[in-house]
Every structure is written in C-alpha cells, then in structure tokens.
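First up is the structure itself, then whatever we jot down about it.
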Amino acid sequence: MGLLSAKSPLALTLLTLTLLVACTPPGGNTAADGEAKPAAATTSNDLDAAPAKTTTLGVRVVAANTGTLSVQRTSSATIQADRDSNVAAQSGGNVLRVLVTEGEQVRAGQVVVQLDDSQQRQALENARLQVQQAQINLNQTRTTTGQATTSLNAAVQAAQATLSQAQQNAQSSESLYTLGGISLADLQSARAQLATAQSQLAQARNSLSQNGQNAQGSVPLQQAQLSSAQAGVRQAEENLARTAVRAPFAGTVASLNAQVGEFAGQGSTVFRLVDPGSIKVQFNATPADAAALTAGTKLNLGYGGVNYVATVQDSPRIAGADRLVPITARVQGGAALPVGASAQARYRATLGQGVLIPSGAVQVDSGENAVYLAAGNVARRQAVTVVAESGGQVAVRGLEAGAQVISPVPPSLQDGAAIRVETAAASGSTAGGDAP
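Counting from 0, one number per residue, gives the positions in the sequence shown under numbering that gives the first Met the number 0.
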C-alpha cells in the first residue's frame with residue numbers, strides 16, 4: 000500500500016498531460032494564437048473567385064473581298080398574252096352549231112361558231128336573181144338599139160339616093176324649061192319632088208340621131224342597174240359569211256360564251272381566243288430595281304411548281320400611282336400557262352458594289368461606321384462608308400480588298416488593343432476566356 004501511495008501523484012500528472020494533448024487543435028495552435036487563422040484562410044481553395052484577367056483579346060478575322068452585293072426579289076406577276084381576243088359575232092342570230100371545245104387549238108380563219116344563216120341565204124338568192132334580170136334588160140336594150148340603128152341607117156341611105164335622083168331631075172327640068180321643052184307645071188313638079196326628097200333625108204337623119212341618143216341613155220342606165228344588182232350580191236355574200244364566227248388568228252379557245260339554240264346578238268362575245276405563242280407576264284418593281292431590269296435581262300417565273308425562263312422586254316418604265324414601275328417579260332415555253340393567272344417572278348437585284356465583309360464586322364462609333372483590322376498583334380480602327388447591306392453581308396467603301404477584318408467584334412475591343420488571331424477551332428474553345 001505504501002508503494003501505491005507513493006506513486007499516485009505521478010500517475011495523475013501523466014493523465015492530465017495526456018488529456019490536454021488530445022484537446023489541442025491540429026497544428027498546435029491555441030485559442031490565444033489570434034493571427035494563425037487568417038494565415039490558414041489564404042491557403043484554402045475558393046471556387047467562386049474570378050480568374051485572373053489578361054490584356055490580350057482572342058479574335059477571328061475574315062479577308063475583305065471586292066464584289067457586288069445582290070439580293071433575290073420576288074414579285075407577283077400576272078400571266079398575259081400579246082394576242083388575247085374576245086371574238087364577237089358580226090351578225091345576230093341563233094347559234095346553230097358550236098364546232099370546237101374549250102382548250103382546243105384552232106387555225107386562223109377556222110369556223111368556231113355557226114349562226115343560223117337561212118335568211119342570209121335567201122337574201123343572197125334574191126340578189127342573184129336581180130343580177131340576172133338586170134343583165135337581161137341590158138342585153139335587150141343593146142339588141143333593140145342595134146336593130147333600130149341598122150334600120151335607120153338604111154332609111155338615111157335610101158333618102159340620100161332619092162334626094163340625089165330628085166336633084167338630077169330638077170336640074171334637067173330647069174334646062175328643058177329654059178329651052179321650052181317642058182311646061183312650067185312640069186318644072187314646079189320637079190322642084191317639089193326635090194324638096195320632098197330633102198325633107199325625107201332630114202327626117203331619116205333625125206330619127207337616126209334620136210336612136211343614138213336613146214341608146215346612149217338607156218344602155219348606161221341598164222349597166223348601172225346591173226352594177227347595183229351585183230353589189231347587192233356581194234353584200235348578201237358578206238352577210239352570209241358573217242353568220243360564221245371565225246378565229247381571227249391561230250390559237251387556243253380559252254372560253255366559249257355561246258350554246259346551241261341561244262341567240263347571239265351582233266357585237267356580243269362568242270368565244271375568247273388566246274395565242275399561246277405570245278405568253279408574257281407583267282409585274283411591278285421599284286424604280287431602283289426597274290433601272291437594272293433592262294431589255295434582255297433573264298429572270299425566273301414560277302407557276303404550279305414549274306420554273307420558266309422569262310426575258311424582260313422594252314417598256315416605257317413609267318411609275319404608276321403606287322410608285323412602282325410595271326415590267327413586262329416574255330415567257331419561254333409558256334404555252335401551257337393559263338392567261339390571267341398569277342405567278343411568281345424572281346430576279347436578282349444589285350444593291351451596290353464595293354468591298355464585301357460580314358455585317359457583324361461593322362460598328363457604329365461616334366456617329367460613323369467603322370471596322371477593326373488586325374494589324375499584326377494590334378487592332379486598328381478604320382472608318383468605312385456603307386454602300387448596301389443584305390443577307391448578313393455589307394458592301395463598304397474606304398477599305399482595301401484583302402484587309403484582315405475582325406469579325407465578330409468583341410464588345411470591349413478598342414483601337415490599339417492587343418489581340419491574338421485565332422483559328423475557328425481554337426476560338427471556339429477559348430471564346431470569352433480572354434475577355435476583360
């Protein structure tokens with residue numbers, strides 16, 4: 000018991016030290032070491048802290064190229080034809096026959112609709128009879144006049160012979176009376192016969208003259224009557240021909256407006272005829288586009304899923320009230336296109352010429368357009384003039400072809416900033432990593 004008593008204070012001391020060591024924090028620091036905790040904080044990992052910033056920007060560049068900036072325009076176009084005729088009836092009458100169907104091809108002069116022509120045929124027959132009667136009258140007048148002329152000429156000749164004989168008898172009687180060979184009564188008788196012969200000759204000549212005058216009046220009158228009758232025949236033939244409504248040119252019958260049994264009035268539309276070889280379209284364009292759509296310019300025309308080629312024709316190029324210019328283009332191979340339908344005209348319009356760069360490369364700074372060029376490892380600002388913009392591209396002036404233009408432009412890029420030109424693959428993995 001005394002050994003145990005002698006050793007008890009030493010055992011208690013060792014136990015106390017052991018407990019103190021167990022309660023001490025790692026590193027041997029105590030609560031009294033006030034500056035040890037901040038030192039430990041500087042060596043710990045903070046995942047929310049921002050990475051250290053750099054002054055060099057990673058950029059991509061594109062080479063500027065000289066070219067023309069154009070855009071495809073689309074406009075609604077109306078299909079037309081140079082020869083599109085509403086054919087009217089030239090004479091009124093009931094429709095007797097319709098000889099074609101809609102959509103059928105006809106030749107020039109072909110009968111499409113036949114009207115009732117019974118009255119016109121009867122009128123033509125009457126006119127021909129009148130011609131025959133006028134011809135008979137003229138022939139009779141000529142025959143009668145000729146026969147009378149022959150008879151009267153013979154009478155004149157006989158009267159002349161009688162007068163000649165009477166003159167000889169009168170001269171002989173005068174001589175005999177002077178010699179006392181005949182009496183005064185015989186002389187007076189000879190003189191009377193001479194006077195009678197002279198009177199008969201004058202009468203015969205007068206009859207012949209009157210016959211000639213009658214012939215000069217009657218024959219021309221009969222000739223005029225014959226000519227009038229012949230004109231009546233021609234008019235009747237024309238009236239008969241008008242009952243047949245014919246195609247004025249070769250084409251396609253687009254529509255028929257008459258049926259058998261219906262009455263077609265003079266001047267009313269009977270059918271519509273279209274020349275498929277003269278198909279064209281008309282559409283409107285802005286004055287700027289119209290200036291480039293000169294005669295001979297090719298464009299595309301879409302209808303029913305089929306594309307056609309159309310050639311711009313010369314036109315007045317006068318803008319309408321809507322400030323648009325009508326453009327006419329002839330369609331190649333468009334015979335099957337329906338006249339009056341709508342199609343889509345597509346053409347490329349030139350917006351401008353210059354140096355072509357992406358639209359994102361142009362920045363508006365201090366009231367002017369500018370781009371940034373990669374000059375080695377430094378970005379240089381270059382002012383430019385925008386000519387036109389379309390489809391993510393812009394045509395500019397004030398920039399040399401081949402210049403290395405920064406695109407896209409980092410938001411913080413400034414003139415003189417340090418840059419590092421990256422390839423597309425590299426910039427994709429580091430994009431934004433160098434942003435300040």
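Ideal placement from N, C-alpha and C gives every residue a C-beta, glycine not left out.
A contact is defined here as three or more CB-CB pairs under 8 Å, and the region 67 to 82 meets this definition with respect to the region 383 to 390. In the three-state reduction of the DSSP assignment, Q265 falls in the coil class. With a contact defined as Cβ atoms closer than 8 Å, V273 and G304 miss out at about 22 Å.
Beta-carbon to beta-carbon, E173 and L186 are separated by about 7 Å, close enough to satisfy the 8 Å threshold.
Here the C-alpha atom of D288 lies approximately 14 Å from the C-alpha atom of A328.
Within the region 228 to 301, the complete alpha helix (DSSP H) segments of 4 residues or longer fall at 286 to 291, listed in chain order. By the Cβ rule, the region 118 to 127 does not count as touching the region 216 to 223, because fewer than three pairs are nearer than 8 Å.
By the 16-neighbour rule on beta-carbons within 10 angstroms, P286 is exposed. For the pair A335 and A246, the Cα-to-Cα distance works out to about 19 Å. Between A253 and R271, the CB-CB gap stays under 9 Å. Excluding sequence positions up to five before and after Q109, its CB lies within less than 6 Å of the CB of A246, all in the same chain and listed in chain order. Of Q362, G339, R204, V111, the smallest CA-CA separation from T148 is found for R204.
When only Cα atoms are considered, R59 and E421 end up about 6 Å apart.
Apart from sequence neighbours up to five positions away, the residues of its chain that approach L255 with a beta-carbon distance below 7 Å are V97, E101, F270, ordered along the chain. The alpha-carbon separation between Q381 and T349 amounts to approximately 26 Å. Annotated as proximal: K297 and V311, with beta-carbon spacing under 9 Å.
Apart from the 5 residues on each side of it in sequence, R419 sits with its Cβ closer than 6 Å to the Cβ of T55, G57 in its chain, given in chain order. In the structure shown, the three-state DSSP call for A342 is strand.
The region 354 to 374 and the region 81 to 94 do not touch, with fewer than 3 CB-CB distances between them shorter than 8 Å.
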